[in-house]
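Novice: Heads up, the sequence shown is in the numbering used here, so the first residue is 2 and it goes up one at a time. By construction, the Cβ of each residue, glycine as well, lies at the ideal position given by its N, Cα and C atoms. Just dropping this structure here.
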Amino acid sequence: MKSFKFCLSAGLLLLLAVSFLFLTQESLAAPRETELFGTAWSSNIGWIRFNSCDAPNLNCGSASYKVVVDNRNGHVTGEAWSAGIGWIKFGGLSQFPSGDGTVAENAKINFSEGMPIGMTFGWARACAGTLPGDCSSMQSRSDGWDGWISLSGTNHPSPAIDGTGGVTYVESTGRIVGKAWGGEVVGWIDFVNVWFGPPPAAPFDFSLTNSTIENGAILIAQGGSGGVSVTRTLVSGNPENVTITALTVFPNPSPGTVSVTIETNNPCEPDPECSSILRIDVSPNVPLGNYSFVVRGVSESSLARDTTVTFRVEEREVTPTISSCEAERSPFWLYQLLTWKVEITDGTGNEEVSWEGDLGNWRCLNTQCGTIETFYSTVGPKRVRVSVDGEEFVDCPQIMVGVRAMFRQF
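Here you go:
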């Protein structure tokens, strides 16, 4: 007898263990809810979003709003968002209106053995059609609009997998298609891009742009340099590293040279975008004119995109500066001719030179007066200043004028 009881107890424990394991595996394999993703369109109110997250693989975190389907009974609950009329509520509604072919229930997808089989019926409601406008009450507004939206009916029956009828789940594509009717205010709502669960992962794609597209060609002086920003932007899929290279400059800048250096952030991963700075160096003998070069971006999956950078080489604008100023023919004696001379950097030879200070009996030795000749009839320190093209005067080194020894004897 004891042996029988022991075997019975062991059998029950084994049965419970197997049942627990089966239920655990089943619960892990089948989530309780399925989120809807994507958008529907109304020509009256615009786009309606069913999930604040476009897709789970875009790392947008937990959704701040969403519409979900209970996988046990097909009940549709949650909130969708329209910029035109605000929140649209699914589930938790009551006091449904009547209509041809409609069902006085909350929105629901017909399920069979835990799987949706296509037919969708019931109602959702735009909360702006209620008082006080948040679906906390089922009382309708007094102006005739109540916000009710029927998912199917006589004039939009479900199922219709081609999308021409009422709202319908299409198992083969994992999409929700068809049209809902929201009355004169909302009009027809077309489920053009609504997914039962996450939409299929799109392959990686990116765009490549540069700052000259928006801002125009970079202006670079002969012998100078300029910078351009090149941006990679995620279009779809999971981010990948993208490496950029600069191709040949066109037209040929001979006899000069143009070099392009990628200074920052290469490669980089557009998530959702990333940029690199390129430096363009132009030699002094590059001919004036318009130039361009292609920047090519290649992803880890070998996807390539191009963008064209444009720049214009202009004549270098230089400001002449005084590099030195000094008196020549030292030592400096009384009544002896000497010269003051200025050296100019970045000059053209046509600069106007002005002198002031202790100049003595002076005269210019050339047209621009870059060198003057003078003599002094008094001894002592002499201070001279010089200016180029009206710029600020610069002090020249002071000199001391003395008397020759032969003059002192008399």
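Closest Cβ-Cβ distance between T213 and chain D: below 9 Å?
Specialist: The question asks about chain D, but that chain is absent: this structure has only one protein chain.
Novice: Tell me whether E352 sits in a helix, a strand or coil according to DSSP, three-state version.
Specialist: Position 351 of the sequence shown holds residue 352. Coil at E352, not helix or strand.
Novice: Skipping 5 residues on each side, what residues in its chain have a beta carbon closer than 7 Å to that of A161?
Specialist: Taking the first residue of the sequence shown as position 1, residue 161 is located at position 160. Closer than 7 Å at the Cβ level, and outside the excluded window around A161, lie G167, T169, G179.
Novice: What separation, rounded to the nearest whole angstrom, lies between the Cα atoms of E393 and E264?
Specialist: Translated into positions along the sequence shown, residue 393 becomes position 392. Translated into positions along the sequence shown, residue 264 becomes position 263. Near 38 Å, if we compare the C-alpha coordinates of E264 and E393.
Novice: With which residues is A202 paired in a DSSP beta bridge?
Specialist: Taking the sequence shown and counting its residues from 1, the one referred to as residue 202 is at position 201. DSSP lists no partner for A202.
Novice: What's the gap between the Cα of D359 and the Cα of K342?
Specialist: Counting from 1 along the sequence shown, the entry for residue 359 is found at position 358. Counting from 1 along the sequence shown, the entry for residue 342 is found at position 341. Distance between the alpha carbons of D359 and K342 is about 14 Å.
Novice: Our contact map puts G130 next to S141 with C-beta atoms below 8 Å; I'd like the distance itself, whole angstroms only.
Specialist: Position 129 of the sequence shown holds residue 130. Position 140 of the sequence shown holds residue 141. Correct: roughly 6 Å between the Cβ atoms.
Novice: Taking 9 Å as the threshold (C-beta atoms), are T78 and G198 in contact?
Specialist: Your numbering for residue 198 matches position 197 in the sequence shown. Your numbering for residue 78 matches position 77 in the sequence shown. It is not a contact, given that the beta carbons lie outside the stated cut-off.
Novice: Evaluate N367 with the Cβ neighbour count: other Cβ atoms within 10 Å of its Cβ, from every protein chain shown; 16 or more gives buried, anything less gives exposed.
Specialist: For the purposes of this step, residue 367 is identified with residue 366 of the sequence shown, where counting begins at 1. The residue is exposed, with fewer than 16 neighbouring Cβ atoms inside 10 Å.
Novice: According to the neighbour-count rule (16 or more other Cβ atoms, all chains shown, within 10 Å of its Cβ), is R50 buried or exposed?
Specialist: Taking the sequence shown and counting its residues from 1, one reaches residue 50 at position 49. Flag for R50 reads buried.
Novice: Compute the distance between the beta-carbons of S230 and S276, then report whether it is under 9 Å.
Specialist: Taking the sequence shown and counting its residues from 1, the one referred to as residue 230 is at position 229. Taking the sequence shown and counting its residues from 1, the one referred to as residue 276 is at position 275. Yes, the pair counts as a contact, with Cβ atoms nearer than the cut-off.
Novice: Alpha carbon to alpha carbon, how far is D147 from N52? Give it in angstroms, no decimals.
Specialist: As a first step, residue 52 is located in the sequence shown; it is residue number 51 there, counting from the start. As a first step, residue 147 is located in the sequence shown; it is residue number 146 there, counting from the start. About 24 Å.
Novice: Is the separation between the beta-carbon of G75 and that of F112 shorter than 9 Å?
Specialist: Looking up residue 75 in the sequence shown gives position 74. Looking up residue 112 in the sequence shown gives position 111. Contact flag set, yes.
Novice: Pick from S99, V68, F294: whose alpha carbon is nearest that of N253?
Specialist: Here residue 253 is taken as the residue at index 252 of the sequence shown, counted from 1. Of the listed residues, the one whose Cα sits closest to N253 is F294.
Novice: Which full runs of the beta strand (DSSP E) of 3+ residues lie inside the segment 254–340, going along the chain?
Specialist: Entirely contained in the segment 254–340, the beta strand (DSSP E) runs reaching 3 residues are, in chain order, 259–263, 274–283, 290–300, 305–315, 322–329.
Novice: Within 10 Å of its beta-carbon, does V1 have 16 or more other beta-carbons around it, so buried, or fewer, so exposed?
Specialist: No answer is possible for residue 1: the residues shown for the chain start at 2 and end at 411.
Novice: Which same chain residues end up closer than 6 Å to P382 when comparing Cβ atoms and leaving out the 5 residues on each side of it in sequence?
Specialist: The count along the sequence shown starts at 1 and reaches residue 382 at position 381. These residues qualify, in order along the chain: Q399, M401.
Novice: Three-state secondary structure (DSSP) at E215?
Specialist: Taking the sequence shown and counting its residues from 1, the one referred to as residue 215 is at position 214. In the structure shown, E215 sits in a helix (DSSP, three-state: H, G or I).
Novice: Report the rounded CA-to-CA distance for S302 versus C54, giving the unit in angstroms.
Specialist: The sequence position of residue 302 within the sequence shown is 301, counting from 1. The sequence position of residue 54 within the sequence shown is 53, counting from 1. C-alpha separation (whole angstroms): 26 Å.
Novice: Beta strand (DSSP E) containing G79: first to last residue?
Specialist: Along the sequence shown, read from residue 1 onward, the residue named residue 79 stands at position 78. Per DSSP, G79 belongs to the beta strand (DSSP E) from 77–83.
Novice: Should M139 be labelled buried (16 or more other beta-carbon atoms within 10 Å of its own) or exposed?
Specialist: Position 138 of the sequence shown holds residue 139. By the 10 Å Cβ count, M139 comes out exposed.
Novice: Are the CB atoms of Y377 and F333 within a distance shorter than 9 Å?
Specialist: Taking the first residue of the sequence shown as 1, we reach residue 333 at position 332. Taking the first residue of the sequence shown as 1, we reach residue 377 at position 376. Against a cut-off of 9 Å, the Cβ pair of Y377 and F333 comes out as a contact.
Novice: Quick one: is the Cβ of Y66 within less than 8 Å of any heavy atom of the ligand FMN?
Specialist: The ligand FMN is not part of this structure, which contains no ligands at all.
Novice: Take the Cβ of D345 as the centre, count every other Cβ of all protein chains shown within 10 Å, and call the residue buried at 16 or more, exposed below.
Specialist: Position 344 of the sequence shown, counting from 1, holds the residue named residue 345. According to the sequence as given, residue 345 is Ile; it is not Asp. Burial call: buried.
Novice: For T210, collect the residues of the same chain with a Cβ closer than 8 Å to its Cβ; drop the 5 residues on either side in sequence, then sort them by chain order.
Specialist: Taking the first residue of the sequence shown as position 1, residue 210 is located at position 209. Around T210: V231, T232, T234, T308.
Novice: Look up L29 in the DSSP assignment and say whether it is helix, strand or coil.
Specialist: Taking the sequence shown and counting its residues from 1, one reaches residue 29 at position 28. Residue confidence is low: L29 scores 48 on pLDDT, short of 50, so the model does not pin down where it sits. Its coordinate-derived value is still stated next. L29 falls in the helix class under three-state DSSP.
Novice: Could you tell me which residues DSSP pairs with T35 in its beta bridges?
Specialist: Translated into the one-based positions of the sequence shown, residue 35 becomes position 34. DSSP output for T35 lists V70 as bridge partner(s).
Novice: Have a look at the DSSP bridge pairing and note the partners of R126.
Specialist: For the purposes of this step, residue 126 is identified with residue 125 of the sequence shown, where counting begins at 1. In DSSP, R126 forms a bridge with K90, W149.
Novice: For a quick check, are the C-beta atoms of G228 and L279 less than 9 Å apart?
Specialist: Residue 228 sits at position 227 when you count from the first residue of the sequence shown. Residue 279 sits at position 278 when you count from the first residue of the sequence shown. Contact flag set, yes.
Novice: Compare the C-alpha of C269 against each of I281, N286, T246, E315 and name the closest.
Specialist: Position 268 of the sequence shown holds residue 269. The shortest Cα separation from C269 among I281, N286, T246, E315 belongs to T246.
Novice: Leaving aside the five residues before and after T322 along the sequence, list all residues of the same chain whose C-beta is less than 6 Å from its C-beta, in chain order.
Specialist: Indexing the sequence shown from 1 puts residue 322 at position 321. For T322, where only same-chain residues beyond five positions count, the Cβ hits under 6 Å are T346.
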